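To start, the structure under review is shown below, and the notes come after it.
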Amino acid sequence: MSGRVDLNCDMGEGMGRDGDLMPHITSASIACGAHAGDAETMRETLLLAARHHVAAGAHPGYPDREGFGRRSMEMTPGEIYQCVVDQISALCAAARDAGVPVAHVKPHGALYTDAAADPHVARAVVRAVSDTDPNLLLYGLAGSGIITEAERVGIRPIAEAFADRSYQEDGTLTPRSEPDAMIDDPVAAAVRVLRMVRDQRVGAASGAELTLSAQTICIHGDGPHAVAIARAARAALLEAGIRVAAPGVA
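Numbers in the numbering used here are just positions in the sequence shown, counted from 1, shifted up by 10.
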């Protein structure tokens with residue numbers, strides 16, 4: 011059983027509920043202008059996170075605002091590397107101006123999925139983080155290739171599980187195109203989160219049981235029930251005696 015866990019959420023994506031989510035989470039991954047966001051939203055979200063004592067991180071994605079970064083793009087590893095460097099650097103520059111530290115990087119959408127499955131994408135993303143700031147934590151899908159690659163080059167990985175997404179038997183997330191991909195019921199999500207953290211177990215969409223070890227749990231900020239899920243998950247964890255805190259917080 012884990013005695014602590016981080017609750018993270020994607021922020022600065024223009025969904026209008028960041029202020030309602032911040033009191034319930036411990037880490038915020040902030041869009042850096044590619045799939046969503048701009049310089050002003052980065053600054054506003056960084057300051058909002060600081061007011062709520064929430065760790066801030068960069069949330070780079072494919073440069074695909076029309077598809078909200080959820081479509082894979084034909085990019086070379088070098089192009090992916092530079093795209094991620096540029097986005098992390100933009101968030102870090104906004105953070106310096108705002109006087110807010112940056113703690114982590116978490117890829118967004120299709121870039122996240124591709125980095126979990128494709129070693130070429132994983133290497134490009136990890137190298138981008140390492141070359142920008144090797145002290146940044148890297149959030150990635152628990153048990154996936156990006157976790158292994160980060161460990162290989164000396165970047166500290168933070169293994170992630172999902173409160174509001176269902177799993178396939180191989181440990182990957184169910185594609186959003188499938189009807190059972192999302193978990194919208196806050197009570198059901200909270201039960202899953204507690205089981206993932208306390209028992210390191212989660213049920214796959216097929217009914218199979220999976221074992222996973224995660225240090226952070228993601229709640230998608232663009233989900234219509236995101237605030238209720240975050241509130242319910244945090245309450246369930248605290249009631250079970252599990253500390254909710256960002257990685258590295260004493």
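Where a beta carbon is used, it is the ideal one built from N, C-alpha and C, also for glycine. None of the values given here were measured: they were computed from a predicted structure.
Using 8 Å as the threshold, is the region 93-109 in touch with the region 148-161, meaning 3 or more CB pairs across them?
no
Residue range of the beta strand (DSSP E) that M21 falls in?
14-21
Would you call E159 buried or exposed, if buried means 16 or more other Cβ atoms sit within 10 Å of its Cβ?
buried
Among the residues of its own chain, which have a CB less than 7 Å from the CB of I165, if the five just before and after it don't count?
V136, V139, S140, P144, L148
For Y91, does the three-state DSSP call read helix, strand or coil?
helix
According to DSSP, is M85 helix, strand or coil?
coil
Taking all protein chains shown into account, do 16 or more other C-beta atoms lie within 10 angstroms of the C-beta of G26, making it buried, or fewer, making it exposed?
exposed
DSSP beta-bridge partners of D227
A small fix is needed here, since residue 227 is Ile in this sequence, not Asp. DSSP output for I227 lists L17, A171 as bridge partner(s).
When DSSP labels each residue in this structure, what does A66 get in the three-state scheme?
strand
Identity of the residues DSSP links to G213 by a beta bridge
E219
Would you please state the rounded distance, in angstroms, between the beta carbons of I239 and A191? I believe it to be under 8 Å.
Incorrect: roughly 15 Å between the Cβ atoms, too far for contact.
Is it a yes or a no for the region 171-178 touching the region 57-70, going by three-plus beta-carbon pairs under 8 Å?
no
Could you spell out where the alpha helix (DSSP H) holding H130 opens and where it closes?
129-142
Minimum C-alpha distance to G258 - residue among L56, I168, L247
I168
Does the Cβ-Cβ distance between S223 and A127 come in under 8 Å?
no
Under three-state DSSP, which class holds A113?
strand
Collapsed DSSP secondary structure at M25 in the structure displayed:
coil
Which first and last residues belong to the alpha helix (DSSP H) in which A246 is found?
236-249
Enumerate in chain order the residues of its own chain whose CB-to-CB distance from H62 is below 7 Å, with the five nearest sequence positions on each side excluded.
M32, P33
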